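Below is one structure, written out as structure tokens; the observations come after it.
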Amino acid sequence: MKHSVSEQDFQKACASIPGGVNSPVRAFANVDCSPVFYDHAQGSHVWDVDGNEYVDFICSWGPMILGHRPAAVDAAVRAQLDKGVSYGAPCEAEIEMAQEICRIVPSAEKARMVSSGTEATMSAIRLARGFTGRPKFIKFEGNYHGHSDALLVSAGSGVATFGIPGTPGVTDGAVADTIVLPYNDLEAVEKAFQAQPDSIACVIVEPIAGNMGVVAPADGFLAGLRELCTRYGALLIFDEVISGFRAALGGAQERYGVLPDLCTFGKIIGGGFPVGCFAGRADVMSALAPEGPVYQAGTLSGNPVAMQAGLAQLRELQKPGVYERLEELGARLEAGLNEAIERTSTRACVNRVGSLCTLFFTDGPVRNWDDAAACDTQMFARYFRGMLDRGYLIAPSQFEALFLSVAHTEEEIDAFTTAVVDVLGDIAR
Ligand code: PMP
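Note that the numbering used here numbers the sequence shown so that position 264 is 296, with each residue one more than the last.
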């Protein structure tokens, strides 16, 4: 497969964009090649600037759960273009979006729209601190909650991929109130609460971890967090930026039957436009300005084009069979990957929750960041390049999820896992 135009684009991009990319996870630096520049996308496929066609298992890192260019979302966007693209004033689509979120998400009684997942989690933490009057919060190793200072400690995603332990520019002061604990370790959380029972405002968690590769919550982990937060008067925040409207229509909280006090969303609710949201208990959300004293704002918040795109996508997701379909495709992928591991005697294991999946190059099991960090990332890089050569786009890091959409087909999943057998076989030889 030739990538000469992408190579040229990357050289040009590096001259005027740091590292040639506008988000580090897009660089292929850790898989030892240059990034592919996309030209267009449709359904489960993308085409690059060299004319190569791929089956896309990145799906814009989650938003494209219906595949690229679903007709209903396209139509909603086009209709809004005729009515203006940004008002900076209230519009009815914002009410409809808040109502939809509150109707669908079990814990949501009120919702505030923002423009990214980073803003959603940053604002939720501020709100939890403002509401409880407490300074500290707990986060988990390998969980990623966007790039705000206080949350950028022992983070997953690009921070893990590039092995950046603590980022220059984040002061000790900014992270002094961040308590970092191992994922799936309830005992550690209990000890932290015992040590400072009146200082912890909240626990923020990816209820299904996606940013160290996919790691499911251990049995009782989420319920245990709920119980501890209630006992110690802290708020529980589920960061559902990935799992929201994916793990189930009502997200991980619906799938596992545990209700947080606050939850954060992004990705899917924007239909591919820059959108985030935080939502939760009415009494907590009412502490936000202008109703309450906790300040939070945004020029483009509730942008009408983004609201219409997101609403159209949410309507499609409520049609019968969507989540059953995603589960079926996910199960087929998991079975195919396990078969590929067995047939090629590769030291690897598969974690999957619904339409999120990761092939980890370690014997496993992978339950937390230490387990994930033990993976053979060189092996992952060879696997990634082999799959790219065969026309499959997966995230260029061991510490990310593979995303399925309803536009993927059984044939594509089977062809993908057959290609995995080829690639792993080549590596073994
Ligand atoms: N939380 C989670 C769980 C995420 O996966 C991400 C991004 N991948 C974010 C927050 C940050 O979202 P954004 O990139 O839109 O700022």
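Where is the CB? At the ideal position from N, CA and C, for every residue including glycine.
In this text the structure is predicted, and so the values were computed from the model without any measurement.
**Q.** Cβ neighbour criterion (16 or more within 10 Å) applied to Ser437
**A.** Ser437 comes out buried.
**Q.** Run of the beta strand (DSSP E) containing Met145, from where it starts to where it stops
**A.** For Met145, the enclosing beta strand (DSSP E) stretches over residues 142-146.
Q. Alpha carbon to alpha carbon, what distance is there between Leu291 and Gly94?
A. One C-alpha to the other measures close to 23 Å.
Q) Where does the unbroken beta strand (DSSP E) through Gln74 begin, and where does it stop? A) Taken as a continuous stretch (DSSP letters only), the beta strand (DSSP E) holding Gln74 covers 70-74.
**Q.** Residue of Leu365, Phe393, Gln410, Ala433 minimising C-alpha distance to Thr450
**A.** When each option's Cα is compared against that of Thr450, the closest is Leu365.
Q. For Gln340 versus Ala108, is the C-beta spacing smaller than 9 Å?
A. Against a cut-off of 9 Å, the Cβ pair of Ala108 and Gln340 comes out as a contact.
Q. Start and end of the alpha helix (DSSP H) containing Asn370?
A. From DSSP, the alpha helix (DSSP H) with Asn370 extends over 354-376.
Q) Can you find a heavy atom of the ligand PMP that lies under 8 Å from the Cβ of Tyr176? A) Shortest gap from the CB of Tyr176 to any heavy atom of the ligand PMP: under 8 Å.
(Q) Checking 9 Å against the spacing of the C-beta atoms, do Ala45 and Val57 come in under that value? (A) If you check the CB distance, Ala45 and Val57 do not come in under 9 Å.
**Q.** Own chain, CB closer than 6 Å to Arg375, minus 5 neighbours either side, in chain order
**A.** The residues are Val453.
(Q) Residues in the same chain with beta-carbon distance under 6 Å from Glu238, minus the five sequence neighbours each way, listed in chain order, please. (A) Non-local beta-carbon contacts of Glu238 in its own chain, meaning distances under 6 Å to residues more than five positions away in sequence, involve Asn175, Asp271 in chain order.
Q: Report whether the distance from the Cβ of Glu238 to the nearest heavy atom of the ligand PMP is below 8 Å.
A: At least one heavy atom of the ligand PMP lies closer than 8 Å to the C-beta of Glu238.
Q. Does the segment 303-319 come close enough to the segment 277-284 that 3 or more CB-CB pairs lie under 8 Å?
A. A contact between stretches requires three or more CB pairs, one per stretch, nearer than 8 Å, and the segment 277-284 fails this requirement with the segment 303-319.
Q.
Counting C-beta neighbours from all protein chains within 10 Å, is the total for Leu113 16 or more, i.e. buried, or is it exposed?
A. Exposed, since its Cβ has fewer than 16 Cβ neighbours within 10 Å.
**Q.** Arg135 classed as buried or exposed, judged by whether at least 16 other C-beta atoms fall within 10 angstroms
**A.** By the Cβ neighbour-count rule, Arg135 is exposed, with fewer than 16 other Cβ atoms within 10 Å of its own.
Q: Check whether the Cβ of Thr210 lies closer than 8 Å to any heavy atom of the ligand PMP, and answer yes or no.
A: No, since every heavy atom of the ligand PMP falls outside the 8 Å radius drawn around the Cβ of Thr210.
Q) Which first and last residues belong to the beta strand (DSSP E) in which Cys381 is found? A) Residues 381-385.
Q.
Run through the DSSP bridge pairs and tell me what Glu85 is partnered with.
A. Beta-bridge annotation (DSSP): Glu85 is paired with Trp79.
Q. For the ligand PMP, is there a heavy atom less than 8 Å away from the beta-carbon of Pro306?
A. Indeed, a heavy atom of the ligand PMP lies less than 8 Å from the Cβ.
Q: Go to Cys389, then tell me how far its beta strand (DSSP E) extends in each direction, as first and last residue.
A: Unbroken beta strand (DSSP E) run through Cys389: 388-392.
Q | Through-space distance from Glu128 to Leu343, alpha-carbon basis | A | So the alpha carbons of these two residues sit roughly 8 Å apart.
Q. Taking 8 Å as the cut-off, is the CB of Gly149 close to at least one heavy atom of the ligand PMP?
A. At a cut-off of 8 Å, the beta-carbon of Gly149 counts as near the ligand PMP: some heavy atom of the ligand is closer than that.
Q. What separation, rounded to the nearest whole angstrom, lies between the Cα atoms of Val87 and Gly165?
A. Approximately 49 Å, taken between the alpha carbons.
(Q) Quick check: what's the CA-CA separation for Ile373 versus Thr390? (A) If you take the alpha carbons of Ile373 and Thr390, they lie about 13 Å apart.
(Q) So the candidates are Asp71, Leu361, Pro397; which of them puts its Cα closest to the Cα of Val246? (A) Selected option, being the one with the closest Cα: Pro397.
Q.
Less than 7 Å between C-beta atoms, sequence neighbours within five positions excluded: which residues of the same chain meet that for Leu184?
A. Taken in chain order, the residues that qualify are Val191, Thr199, Val202.
(Q) Can you tell me whether Lys299 sits near the ligand PMP, meaning its C-beta is under 8 Å from at least one heavy atom of the ligand? (A) Look at Lys299: its beta carbon is less than 8 Å from one of the heavy atoms in the ligand PMP.
Q) Residues bridged to Lys168 by DSSP? A) Answer by DSSP bridge pairing, in chain order: Ile232.
Q.
Less than 9 Å between the C-beta atoms of Ser186 and Thr441, yes or no?
A. It is not a contact, given that the beta carbons lie outside the stated cut-off.
Q) DSSP on Leu271, reduced to helix/strand/coil? A) The sequence as given places Asp at residue 271; Leu does not occur at that position. In this structure, Asp271 counts as strand in the three-state DSSP scheme.
Q: Determine contact between the segment 139-148 and the segment 212-223, defined as no fewer than three beta-carbon pairs at a distance below 8 Å.
A: The segment 139-148, when compared against the segment 212-223, does not touch it at the 8 Å Cβ threshold.
Q.
Measuring CB atoms only, is the segment 400-413 touching the segment 355-364, in the sense that at least three cross pairs come out at less than 8 Å?
A. Not touching, per the Cβ criterion.
Q | Length of the line joining the Cα atoms of Ala460 and Arg379 | A | Just so you know, the alpha carbons of Ala460 and Arg379 end up roughly 10 Å apart.
Q: Indicate, with yes or no, if the ligand PMP has a heavy atom lying under 8 Å from the CB of Ser55.
A: The ligand PMP approaches Ser55 closely enough that one of its heavy atoms is under 8 Å from the residue's Cβ.
Q: Would you grab the beta carbon distance between His177 and Lys171 for me? Rounded to a whole angstrom, and I think it's under 8 Å.
A: Contact between His177 and Lys171 holds, with the beta-carbon distance rounding to 7 Å and staying under 8 Å.
Q.
Just to confirm the assignment, what range does the beta strand (DSSP E) spanning Phe448 have?
A. Careful: Phe448 lies outside any beta strand (DSSP E), inside the alpha helix (DSSP H) at 442-460.
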